[in-house]
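Accompanying notes for the structure given below.
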Amino acid sequence: MIAVWARSLKFRDLIWQMTLRELRGRYIGSSMGLFWSVIHPLITLTVWTFVFSYILNIRFSAAGGMTDFALYLFCGMVPFLSFQETVQNCTVSITGHSSLIKNLVFASKSIHVSIALAAVITELIGLGILTLALIILRQQFPIYLPLVLPIAIILMFFSLGLGFVTSTLHVFFRDTAQLVSVLLMVWLYLTPIFYPAHVLPGHLQFLLYINPLAYVANIYRSIILVGDLPSTAGFLIFLGVSLGTFFFGYKIYTANYPKFIDEL
Amino acid sequence: MIKVVHLTKTFRVYQRPLDRIKEALSFGRKSFHTDFTALSGISLEVNRGETVGLIGPNGSGKSTLLKIMAGVMLPTRGHVIREGRVGSLIELGTGFHPEFTGRSNVYMNASLMGFSRQEIESILPEVIEFSGLGQFIDRPLKTYSSGMWVRLAFSVAISINPEILLIDEALAVGDMLFSQRCIAKIREFQSRGVSVILVSHDLSAVKTLCDRAVLLDGGRKLAEGPPEGISSYYISLMAERAASENIIARSDKAHRRYGSYQAEIESVELYNSSGQRTNVVRSGDKCVIEVAVKVSRELREPSVGILIRDRLGNEIFGTNTYLAGLKISQELKSFTVRFELDMNLGHSNYSITAAVHSGRDHLGQCYDWIDNALAFQVLPTSPEFQGCARLEPLISIVPSDPHAVVIRGAHEAPAE
Numbered sequence: 020m021i022a023v024w025a026r027s028l029k030f031r032d033l034i035w036q037m038t039l040r041e042l043r044g045r046y047i048g049s050s051m052g053l054f055w056s057v058i059h060p061l062i063t064l065t066v067w068t069f070v071f072s073y074i075l076n077i078r079f080s081a082a083g084g085m086t087d088f089a090l091y092l093f094c095g096m097v098p099f100l101s102f103q104e105t106v107q108n109c110t111v112s113i114t115g116h117s118s119l120i121k122n123l124v125f126a127s128k129s130i131h132v133s134i135a136l137a138a139v140i141t142e143l144i145g146l147g148i149l150t151l152a153l154i155i156l157r158q159q160f161p162i163y164l165p166l167v168l169p170i171a172i173i174l175m176f177f178s179l180g181l182g183f184v185t186s187t188l189h190v191f192f193r194d195t196a197q198l199v200s201v202l203l204m205v206w207l208y209l210t211p212i213f214y215p216a217h218v219l220p221g222h223l224q225f226l227l228y229i230n231p232l233a234y235v236a237n238i239y240r241s242i243i244l245v246g247d248l249p250s251t252a253g254f255l256i257f258l259g260v261s262l263g264t265f266f267f268g269y270k271i272y273t274a275n276y277p278k279f280i281d282e283l
Numbered sequence: 065m066i067k068v069v070h071l072t073k074t075f076r077v078y079q080r081p082l083d084r085i086k087e088a089l090s091f092g093r094k095s096f097h098t099d100f101t102a103l104s105g106i107s108l109e110v111n112r113g114e115t116v117g118l119i120g121p122n123g124s125g126k127s128t129l130l131k132i133m134a135g136v137m138l139p140t141r142g143h144v145i146r147e148g149r150v151g152s153l154i155e156l157g158t159g160f161h162p163e164f165t166g167r168s169n170v171y172m173n174a175s176l177m178g179f180s181r182q183e184i185e186s187i188l189p190e191v192i193e194f195s196g197l198g199q200f201i202d203r204p205l206k207t208y209s210s211g212m213w214v215r216l217a218f219s220v221a222i223s224i225n226p227e228i229l230l231i232d233e234a235l236a237v238g239d240m241l242f243s244q245r246c247i248a249k250i251r252e253f254q255s256r257g258v259s260v261i262l263v264s265h266d267l268s269a270v271k272t273l274c275d276r277a278v279l280l281d282g283g284r285k286l287a288e289g290p291p292e293g294i295s296s297y298y299i300s301l302m303a304e305r306a307a308s309e310n311i312i313a314r315s316d317k318a319h320r321r322y323g324s325y326q327a328e329i330e331s332v333e334l335y336n337s338s339g340q341r342t343n344v345v346r347s348g349d350k351c352v353i354e355v356a357v358k359v360s361r362e363l364r365e366p367s368v369g370i371l372i373r374d375r376l377g378n379e380i381f382g383t384n385t386y387l388a389g390l391k392i393s394q395e396l397k398s399f400t401v402r403f404e405l406d407m408n409l410g411h412s413n414y415s416i417t418a419a420v421h422s423g424r425d426h427l428g429q430c431y432d433w434i435d436n437a438l439a440f441q442v443l444p445t446s447p448e449f450q451g452c453a454r455l456e457p458l459i460s461i462v463p464s465d466p467h468a469v470v471i472r473g474a475h476e477a478p479a480e
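Those protein sequence lines, which keep their order, are chains A and B. Every letter in the first sequence is one number past the one before it in the working numbering, and letter 226, counting from 1, is 245. Every letter in the second sequence is one number past the one before it in the working numbering, and letter 182, counting from 1, is 246.
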């Protein structure tokens with residue numbers, strides 16, 4: 020763990036350069052640039068509020084109020100999108116940067132880390148908008164909001180772990196990217212994001228316990244919308260699973276890295 | 065110092081992506097790939113301050129060897145010993161993004177090479193200076209000409225002050241002025257004791273820059289020694305290969321052929337001064353181009369001609385039997401026309417187009433016309449010159465003082 024961090028620190032300039040490029044590259048040439056990454060979630064939340072609360076008038080019995088479904092949805096969506104973005108972008112990162120891998124001796128894992136950091140930054144922007152919406156619509160400030168930060172960072176390790184595995188697989192089997200995007204879609208619908216967890220039928224409730232994203236969506240909601248703190252036991256399990264996934268992915272990646280160049 | 069010992073590199077080749085999955089699922093019980101050996105048993109040592117050129121035909125393993133030396137690729141067997149910081153000009157401008165400014169790309173490129181932010185800031189003025197880009201450094205890369213792009217990439221690459229420098233054909237790009245600058249920079253590195261390994265198809269570059277040359281062929285080291293000797297060996301090897309290939313393949317779409325075929329061109333061949341069939345000759349060599357013709361029906365005033373074009377398709381020289389005042393007898397049904405000439409062309413690639421037609425040119429009645437029937441290369445000989453025409457001037461220096469001695473120098477190749 021310490022060794023991995025020490026190495027990351029050594030490459031921090033490179034990682035930071037790549038993260039900036041990852042973020043700026045999306046909007047380069049547009050006049051508003053990075054401002055677009057604020058506009059996107061802002062419009063999404065506005066549209067959801069309009070459609071779900073105003074047109075469809077969906078409410079949950081658990082939590083009343085006009086704007087709740089949109090906030091509920093957004094709150095679960097923000098971490099999932101960060102996870103999805105990291106895994107999806109990592110999957111194609113090695114094949115997409117093949118000229119770097121083929122021509123340079125460098126810390127290729129910086130690519131994954133920069134992708135994950137860019138996703139976390141995007142997530143923070145989303146959280147900022149969510150906070151703004153809460154203040155405007157509910158006149159309340161989520162005081163426990165800073166507590167989602169460690170959750171977001173731990174989720175980043177989980178996403179990175181999977182990203183290391185999928186990017187390795189994609190070098191050898193180019194069907195991986197397609198498979199990953201399909202699986203992520205299925206994953207999204209099996210996670211209680213569009214619906215509350217308790218509506219899942221009894222025999223499917225186990226899905227909540229094997230899905231870290233279900234835990235994350237739930238924790239985000241209770242911290243931001245309700246103001247409840249996560250339980251220590253649940254948090255420790257999540258931490259363990261995420262770090263375990265990270266190291267597993269890291270090992271798979273480093274073990275296979277020497278073979279990459281022959282395949283690119 | 066860099067040393068490689070008994071390097072072998074094999075690649076696994078799968079016919080279809082599915083084969084790889086099958087192999088992975090069989091857990092080593094079955095094999096669905098074929099092995100391709102790119103390098104076998106290569107050993108090479110390059111000492112401090114020494115420059116070694118790697119030459120060989122395409123696919124001989126030069127680039128693979130360079131990549132293993134750089135540490136980008138791992139060998140299947142054998143090992144590499146490096147003493148000192150390795151700089152590689154394998155592919156210039158790796159990671160360049162056209163939408164970002166030159167400055168931003170320098171930051172990115174240098175960070176990829178392992179520079180910290182402070183280091184980049186300290187080399188930045190030098191990089192901008194060497195690239196000669198000036199104001200353009202803050203404009204997006206997409207507004208650069210390809211020459212400016214290369215200049216920037218090269219400037220970053222050399223700024224790392226390597227102790228071992230690996231160069232792959234990088235000198236072939238860019239304009240002449242820039243090539244000269246690169247060569248000057250390499251000489252500076254040589255004088256500082258940097259070990260340089262140069263992969264090139266440009267034999268004259270290998271001869272001028274290298275202390276030693278290594279000839280690779282089919283992944284094996286064929287020869288190692290002084291650049292002059294190894295280059296000649298390479299040329300003769302290539303000439304031998306060319307001779308064994310059939311020059312006119314009718315099915316080949318690269319040749320454009322038309323005509324009434326009342327007479328057909330059977331072959332077009334190029335022979336060097338020692339009478340060997342070849343497609344590599346030296347500038348100024350006495351050569352023979354032979355066009356063999358077979359007549360099937362009666363022709364009116366037949367004439368056989370050749371046309372030499374440069375690699376851009378510009379016509380360099382053309383002649384035919386009509387223009388030479390030769391008459392081909394109607395009775396001849398099968399014959400060869402020999403064009404004996406001094407290949408007074410510059411160092412480049414050329415092609416020969418051959419035709420049989422009636423009278424002065426093919427515009428009237430054309431019996432057979434084969435576009436680019438034969439491609440050949442002209443290699444430089446000393447004294448070198450610019451351009452495609454070897455004019456062999458007599459050059460003299462005449463002092464303004466009429467009583468001084470006139471110094472003359474003939475522009476002739478020394479006896480070999």
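We put the CB at the ideal spot given by N, CA and C, even for glycine.
query: is_contact[B:His-161, chain A] using C-beta, thresh 8 Å; result: yes
query: Beta bridge counterpart(s) of B:His-70 as assigned by DSSP; result: DSSP, once it has assigned bridges, lists no residue as partnering B:His-70.
query: In DSSP terms, what B:Val-263 is bridged to; result: B:Leu-118 and B:Asp-232
query: Residues of its chain near B:Ser-127, where Cβ-Cβ distance is below 8 Å and the 5 sequence neighbours each way are ignored; result: Ile-154, Asp-232 and Val-263
query: Given 8 Å, three or more beta-carbon pairs between the region 49 to 56 of chain A and the region 181 to 196 of chain B; result: no
query: C-alpha gap between A:Phe-93 and B:Met-212, whole angstroms; result: 47 Å
query: Of the residues B:Met-172, B:Leu-427 and B:Asp-281, the one placed nearest B:Ile-106, counting alpha carbons only; result: B:Asp-281
query: Which listed residue (B:Ser-124, B:Tyr-322, B:Lys-391 and B:Leu-230) has its alpha carbon closest to that of B:Lys-67; result: B:Leu-230
query: Nearest-angstrom Cα separation, counted from A:Arg-31 out to A:Ala-196; result: 28 Å
query: Segment contact flag, the region 215 to 223 of chain A with the region 132 to 144 of chain A, C-beta cutoff 8 Å, min 3 pairs; result: no
query: Limits of the unbroken beta strand (DSSP E) element including B:Thr-98; result: 97 to 110
query: Which listed residue (B:Phe-160, B:Leu-405 and B:Ile-222) has its alpha carbon closest to that of B:Ile-187; result: B:Ile-222
query: Inter-residue CB distance, B:Arg-76 and B:His-97 (contact presumed, cutoff 8 Å); result: 4 Å
query: Below-8 Å beta-carbon distance, A:Gln-36 vs any chain B residue; result: yes
query: Per DSSP, cross-strand counterpart(s) of B:Asp-432; result: B:Val-420
query: Contact list for B:Thr-128 against chain A, beta-carbon separation under 9 Å; result: Neighbours of B:Thr-128 on chain A: none; closest Cβ ~10 Å, over 9 Å.
query: Buried versus exposed call for A:Phe-225 [16 or more other C-beta atoms within 10 Å across all chains shown]; result: exposed
query: Per-residue DSSP class, three states only, for B:His-491; result: As shown, chain B starts at 65 and ends at 480. That puts residue 491 of chain B outside it, with no answer to give.
query: Within 9 Å of chain B by C-beta, residues of the region 113 to 141 of chain A in sequence order; result: His-116, Ser-118, Leu-119, Ile-120, Lys-121, Asn-122, Leu-123, Val-124, Phe-125, Ala-126 and Ser-129
query: Any chain B beta carbon closer than 8 Å to A:Gly-52; result: no
query: Distance cut-off 7 Å: B:Met-407 Cβ against heavy atoms of the ligand ATP; result: The ligand ATP is absent from the structure shown, which contains no ligands of any kind.
query: Cα-Cα separation between A:Phe-266 and A:Gly-259, rounded to whole angstroms; result: 11 Å
query: Nearest candidate by alpha-carbon position, reference A:Ile-62, set A:Val-106, A:Ile-144 and A:Lys-121; result: A:Ile-144
query: Which of helix, strand or coil DSSP assigns to A:Cys-94; result: helix
query: Nearest-angstrom Cα separation, counted from A:Tyr-91 out to A:Ile-58; result: 20 Å
query: As assigned by DSSP and simplified to three states, the class of B:Val-144; result: strand
query: Beta carbon proximity, B:Ala-217 to chain A, threshold 8 Å; result: no
query: Stretch pair the region 288 to 296 of chain B + the region 128 to 136 of chain B: three plus CB contacts closer than 8 Å; result: no
query: Residue span of the alpha helix (DSSP H) that contains A:Leu-153, given as start and end; result: 128 to 157
query: Where B:Ser-367 falls: helix, strand or coil (DSSP); result: strand
query: Exposure label - A:Val-167; buried when at least 16 CB within 10 Å; result: buried
query: Best match in B:Phe-200, B:Asp-275 and B:Ser-152 for proximity to A:Leu-123 [C-alpha to C-alpha]; result: B:Ser-152
query: Chain A contact residues for B:Thr-158, given Cβ-Cβ distances below 7 Å; result: Ser-118, Leu-119, Asn-122 and Leu-123
query: Contact with chain B by A:Arg-40, beta-carbon distance below 8 Å; result: yes
query: Beta strand (DSSP E) runs contained entirely in the region 314 to 397 of chain B, provided each spans 3 or more residues; result: 327 to 335, 344 to 346, 350 to 359, 366 to 374 and 379 to 384
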